[in-house]
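The block underneath contains the structure these notes are about, expressed in structure tokens.
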Amino acid sequence: MKVFVIGCGRMGAELASRLDAEGHQVVIIDTDASSFDKLPSDFKGTTLLGDATDEEVLRKAGIADADGFVAITREDDKNAMTAQIAKEIFHIPRVLCRIYDPLREEFYKTLGLEGLSPTSIVANLLKEKLEQ
Amino acid sequence: MYIMIVGGGKTGYYLCRKLIALEHEVLMVEKRLDRCDEIREELGSVALCGDGSEISVLSKAGISRAEMLIAVTDEDEDNLAVCQIAKQKFKVPQVIAKINNPRNEHIFAKLGIDRSVNVAELVLERVELQLSSSTVVHLLSFPDSSLDIVFVRVTEGSGILDKSPKELSLPSGCLTCLFRIRGQGAGVLNQDTIFEVGDQLICSIPSGSMGEVRALLAGGQVTASND
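Protein sequences appear in the order of chains A and B.
Numbering that gives the first Met the number 0 applies: residue 0 is where the first sequence begins, and numbers increase by one.
Numbering that gives the first Met the number 0 applies: residue 0 is where the second sequence begins, and numbers increase by one.
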């Protein structure tokens with residue numbers, strides 16, 4: 000599977016290295032060169048410095064035949080925009096994005112976007128643990 | 000009219016000032032507290048400090064009764080998010096986005112934000128008007144219309160030289176000359192007027208037919224285009 004990961008923060012780097020270790024073809028994009036330091040030294044995927052909200056950056060990175068796309072930068076708006084570009088312009092079959100703000104996550108769902116809100120997920124988990 | 004502006008940069012500030020002067024009720028949403036304070040000092044209590052792409056902030060700002068929302072931050076992703084939320088969730092009747100990266104214009108349109116101001120494109124159009132080498136420059140588009148207004152300059156070798164307005168047509172529709180500026184004079188065109196080198200025209204064309212106009216002026220084969 001060819002997967003694009005947008006944002007090389009802790010979670011982006013972790014996801015990219017797991018996918019890479021399982022033999023998937025990974026392209027990871029970030030606007031900060033030093034963010035790639037978080038990837039393991041044996042990472043075989045492609046790291047690309049650039050702004051993924053720019054359609055040309057994605058096209059040049061070979062998004063046209065990608066199977067999956069995960070937007071996981073620290074900004075909700077950026078994740079929502081890149082995910083919508085992947086879905087509506089490039090028609091990538093599987094598109095996911097992280098939306099911290101639970102209200103916005105709900106809103107993007109109405110636009111057909113599959114978002115995950117770590118805020119609600121973790122809050123729910125913590126609540127369950129507390130109630131155990 | 001109640002108008003919300005998201006983004007308190009130079010554009011937002013200027014818009015806010017002008018719209019207040021036009022006696023609209025204006026509220027600006029701006030993230031930076033110090034910038035909000037500056038704006039309040041100059042324009043009164045028109046600034047709300049908060050992230051304009053947060054649904055809760057927009058609700059607090061009374062977006063449900065806003066008749067227009069203008070998103071003018073320096074980040075296209077924020078402008079897109081604000082406009083999508085305003086339009087789809089809160090059904091704000093008029094939503095306008097500033098586009099910083101010209102490449103994003105068609106993305107915004109595809110994602111439902113079709114009223115946008117592409118700043119780089121506007122500057123380019125104004126520069127093109129000043130260049131004697133440009134033969135056609137886009138001037139205006141209108142909401143809910145499939146016509147554009149363009150500026151046309153008649154040069155040596157132009158495909159419309161020695162022709163009259165009634166002889167002009169484009170594959171996708173009419174090229175209508177509305178107005179001519181010749182030397183110091185200007186006026187509405189008679190259908191039999193013959194175009195001369197140096198004529199400057201204001202014309203209406205079908206939206207998206209700039210390529211056809213360019214081909215016509217270059218004197219080449221004119222085929223339907225899509226630009």
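A virtual CB, placed ideally from N, CA and C, is assigned to each residue, including glycine.
These numbers come from a predicted model, not from an experiment.
{"Asked": "Any C-beta of chain B under 9 Å from that of Lys108 of chain A", "Found": "no"}
{"Asked": "Proximal residues to Ile193 of chain B (C-beta, below 8 Å), its chain only, five neighbours per side dropped", "Found": "Asp161, Lys162, Ser163"}
{"Asked": "Per-residue contacts from Ile88 of chain A into chain B (C-beta, under 7 Å)", "Found": "Ile106, Lys109"}
{"Asked": "CB contact flag (Asn78 of chain B, Ile106 of chain B, <9 Å)", "Found": "no"}
{"Asked": "Within chain B, partners of Ile84 of chain A - CB distance below 7 Å", "Found": "Ile106"}
{"Asked": "Residue span of the alpha helix (DSSP H) that contains His105 of chain B, given as start and end", "Found": "104 to 109"}
{"Asked": "Burial state of Phe141 of chain B, where buried means 16 or more other Cβ atoms lie within 10 Å", "Found": "exposed"}
{"Asked": "Neighbouring residues, chain B, relative to Glu55 of chain A (Cβ below 8 Å)", "Found": "Arg102"}
{"Asked": "Under 8 Å (Cβ pairs) to chain A, residues found in the segment 43 to 59 of chain B", "Found": "Ser52, Glu53, Ile54, Ser55"}
{"Asked": "CB of Glu155 of chain B within 9 Å of CB of Val196 of chain B, strictly", "Found": "yes"}
{"Asked": "7 Å Cβ cut-off: residues of chain B touching Leu102 of chain A", "Found": "Ile54, Ser55"}
{"Asked": "Min CB distance Ala80 of chain B to chain A below 9 Å", "Found": "yes"}
{"Asked": "Contact set between Lys77 of chain A and chain B, taken where Cβ atoms lie within less than 7 Å", "Found": "Glu76"}
{"Asked": "Residues near Pro301 of chain B in its chain [Cβ-Cβ closer than 8 Å; skip 5 each side]", "Found": "Only positions 0 to 226 of chain B appear in this structure, which leaves residue 301 of chain B out of reach."}
{"Asked": "Cβ separation of Gly44 of chain A and Ile71 of chain A, assumed to be a contact under 8 Å, to the nearest whole Å", "Found": "Their Cβ separation, rounded to whole angstroms, is 15 Å, which puts Gly44 of chain A and Ile71 of chain A out of contact at 8 Å."}
{"Asked": "Leu138 of chain B - containing beta strand (DSSP E), residue span", "Found": "135 to 140"}
{"Asked": "Option nearest Ile62 of chain B by Cα separation, candidates B:Asp75, B:Gly49, B:Val71, B:Lys90", "Found": "B:Lys90"}
{"Asked": "Any chain B beta carbon closer than 9 Å to Thr52 of chain A", "Found": "yes"}
{"Asked": "Leu174 of chain B, DSSP secondary structure in three states", "Found": "coil"}
{"Asked": "Euclidean distance between Cα positions of Leu115 of chain A and Glu104 of chain A", "Found": "7 Å"}
{"Asked": "Minimum Cβ-Cβ distance from Glu74 of chain A to chain B less than 9 Å", "Found": "yes"}
{"Asked": "Neighbourhood of Thr10 of chain B by C-beta distance below 7 Å, restricted to the same chain and skipping five residues each side", "Found": "Val71, Lys97"}
{"Asked": "Per-residue contacts from Met0 of chain A into chain B (C-beta, under 7 Å)", "Found": "None at all; the shortest Cβ gap to chain B is about 25 Å."}
{"Asked": "At least 3 beta-carbon pairs within less than 8 Å: the segment 51 to 61 of chain A vs the segment 75 to 86 of chain A", "Found": "yes"}
{"Asked": "CB contact check: Gln199 of chain B to chain A, cutoff 9 Å", "Found": "no"}
{"Asked": "Buried versus exposed, by CB contacts within 10 Å (16 or more), Asp198 of chain B", "Found": "buried"}
{"Asked": "CA-to-CA distance, Leu110 of chain A to Gly8 of chain B, given in whole angstroms", "Found": "29 Å"}
{"Asked": "Proximal chain A residues relative to Gln238 of chain B, where beta-carbon distance stays under 7 Å", "Found": "Because chain B spans 0 through 226 in this model, residue 238 of chain B falls outside it and cannot be assessed."}
{"Asked": "Presumed contact (8 Å Cβ cut-off) between Leu47 of chain B and Ile84 of chain B, rounded CB distance", "Found": "Not a contact, Cβ separation roughly 16 Å."}
{"Asked": "DSSP beta-bridge partners of Pro205 of chain B", "Found": "B:Leu146"}
{"Asked": "Simplified DSSP assignment, three categories, for Tyr107 of chain A", "Found": "helix"}
{"Asked": "Status (buried if at least 16 other CB within 10 Å, exposed otherwise) for Tyr13 of chain B", "Found": "exposed"}
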